[in-house]
Structure formats: structure tokens, C-alpha cells
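Participant: Could you have a look at this structure, given as C-alpha cells, before my questions?
Residue numbers (this note's numbering): 1 to 155.
See the structure below:
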């Protein structure tokens, strides 16, 4: 098994904690999902600064425009997505279901990276596309369909 695959499974386990956090904190401590997600993300940010050798004051100030663009994206797209993610986990019959749908974004990214590697090669690197990867993405999409139609009759 390649190292990135092994690491990805470890990350998957950490994300299991994240996926169960909002419902757990709401049920047991009456903590709303927005505060739970904010606290998790704040802790993640502090942890990255403390533990990553690649994030420091010099790295943040060496490319100010890029950092500002990323901050704006994080404040808008990232914040909205994370707030919605915490709230939808409380609404679903099982907190895993929204995360399964959300993580199906990998299918979109898989196809998009291949396209961008061709049409915008200057900005995007090469993306390996294989039959095995396409089969895996197809299985993800079938799972997404099954999850989104669970609990209702399919005609």
C-alpha cells in the first residue's frame, strides 16, 4: 500500500470524530452545531500553526495576496459550508449520511482535475486517471444515489 493511501485511512478515522461531534455535543451538552464547528476549526488552525513546520509568520507574509484570497474564500465558502455541515448533521436520521453525500465531492474533483490538467495546465498539475479510479468513483456515485433515496420508494 502506498504511503498516501495509509495516511488517508488515518485521516478518515480523524474525520469520523468530526462527523459525530456536532450531534454528540448537541445531545449531551446542548452546544449548538455552529459553536461546535467553530471550536473544532479554531483548534485545527491553532494546531496547524503549532505542529506544521510550513506555517509561520514568514510563510504568511511572503505571499500576502494569495493569503488574503485564501482568507476570503475561507471566510465565505469555507464558513458557509462548515456551518451548513454542522447543522445538516443534526437534521439527518444518521450523522454519517450528510458526510457521505458531502464527501462524494471527490467524484467531482476527480473528473475536474483531469479536465483542468488539460485546459489549464499552467495552473494545475497532472492528474492520473485510471479505469480503476473511474470504477471507484462510479461506486461512490451509486452509493450517493442509494443514500439520497433511502427511506422512500424508488419508481
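Built from N, CA and C at the ideal position, the CB exists for glycine as well.
1) Of all the alpha helix (DSSP H) runs that stay within the bounds of the stretch 58 to 105, which reach a length of 4 or more residues?
2) Could one say the Cβ of residue 116 lies closer than 7 Å to chain B's Cβ atoms, at least one of them?
3) Going by Cα to Cα distance, which pick from 55, 85 and 150 is closest to residue 21?
4) Under DSSP, the alpha helix (DSSP H) around residue 147 begins and ends at which residues?
5) The alpha helix (DSSP H) with residue 3 in it runs from where to where?
6) Restricting to Cα atoms, I'd like to know which of 49, 68, 79 and 144 is closest to residue 34.
Facilitator: This is what the structure gives:
1) 64 to 73, 79 to 91 and 96 to 103
2) Absence of chain B from the displayed structure is noted, only one protein chain being present.
3) 85
4) 131 to 148
5) 3 to 29
6) 79
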